[in-house]
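Enquirer: Sharing a structure, written as C-alpha cells. Questions coming.
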Amino acid sequence: MKKGNILKLLALMVDELIVAVLLLIVLPAMGINVPIRGVLVILGVLLIKDIAIAPFLLKTFDRKVEVGVEALIGRTAVVVEDLTSEGLVKLEGELWKAECINGTARRGEEVKIVAVEGTKVLVECPE
Numbered sequence: 122m123k124k125g126n127i128l129k130l131l132a133l134m135v136d137e138l139i140v141a142v143l144l145l146i147v148l149p150a151m152g153i154n155v156p157i158r159g160v161l162v163i164l165g166v167l168l169i170k171d172i173a174i175a176p177f178l179l180k181t182f183d184r185k186v187e188v189g190v191e192a193l194i195g196r197t198a199v200v201v202e203d204l205t206s207e208g209l210v211k212l213e214g215e216l217w218k219a220e221c222i223n224g225t226a227r228r229g230e231e232v233k234i235v236a237v238e239g240t241k242v243l244v245e246c247p248e
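So, in C-alpha cells, the structure goes:
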C-alpha cells in the first residue's frame, strides 16, 4: 500500500477521534457523563463504517486519471463520414478528423483509436 493511501485512510478515521474526544473529554467536562458502553458502541459503528468504505476508497485512490490525447487511445468512435483514407468520426459527442490505418470504414461503423496526430485521430477499421 502506498504511503499516501495510508495517510488518506488515517484521515478517514479522524471522525472517530473527534467523537472520542467529544464523548470522553468535552462532555464530561460539561457535567454530562456518557456510559462507556455507549461510547464503545458509537465508536464501533464508526469503525465498521470505515472498514466497509476503505476498499472502495483504495480503488479510487489507485485509479490513474487519464487526461489529454493519451486518454483517447483505445476508445471507440463512430464513423460519421466514410473513411476511405480520411474522414470524420464522432467521439464522445465531438467530431474528429480521422485516418483509417488498415482499410476503410462506412458511416455508422465503430472504429478504435490507436493514435493521435495533432487534431487528427488514427483509427483501426473493422476488417
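In the numbering used here, the protein residues as written are 122 to 248. Just so it is clear, CB atoms sit at the ideal spot from N, CA and C, and this is done for glycine as well.
What residue does the beta strand (DSSP E) around Thr251 start on, and which one ends it?
Expert: The chain is shown from 122 up to 248; residue 251 falls before or after that span and cannot be answered.
Enquirer: Taking its Cβ as the centre, do 16 or more other Cβ atoms sit within 10 Å of Val232, making it buried, or is it exposed?
Expert: The residue in question, Val232, is buried, as its Cβ has 16 or more Cβ neighbours within 10 Å.
Enquirer: Are the CB atoms of Thr225 and Leu243 within a distance shorter than 7 Å?
Expert: Not a contact, by the Cβ cut-off of 7 Å.
Enquirer: Give a yes or no on whether the C-beta atoms belonging to Lys129 and Phe182 are separated by under 7 Å.
Expert: It is a contact, given that the beta carbons lie within the stated cut-off.
Enquirer: Could you tell me the distance, in whole angstroms, from the CA atom of Lys170 to the CA atom of Arg158?
Expert: Taking the straight line from one Cα to the other gives about 18 Å.
Enquirer: Under 7 Å, do Glu245 and Val235 count as touching if we go by C-beta distance?
Expert: Contact flag set, yes.
Enquirer: I'd like the span of the alpha helix (DSSP H) that includes Gly152, first residue to last.
Expert: Where Gly152 is concerned, there is no enclosing alpha helix (DSSP H), given that its DSSP letter is neither H nor E.
Enquirer: To test your reading of the DSSP string, which unbroken alpha helix (DSSP H) runs of 4 or more residues are found completely within the stretch 133 to 188?
Expert: Taking only runs of at least 4 residues, the alpha helix (DSSP H) segments lying wholly in the stretch 133 to 188 are 135 to 142 and 157 to 183.
Enquirer: Quickly, what does DSSP pair Gly208 with across the bridge? List them, please.
Expert: DSSP lists Ala219 as partners of Gly208.
Enquirer: Could you give the residue range of the beta strand (DSSP E) that holds Ala236?
Expert: That run of the beta strand (DSSP E) goes Glu231 to Glu238.
Enquirer: Using the C-alpha atoms, what's the distance from Val188 back to Ile172?
Expert: Distance between the alpha carbons of Ile172 and Val188 is about 31 Å.
Enquirer: Tell me which residue opens and which closes the beta strand (DSSP E) that Glu248 is part of.
Expert: It is not in any beta strand (DSSP E) - Glu248 carries neither H nor E in the DSSP assignment.
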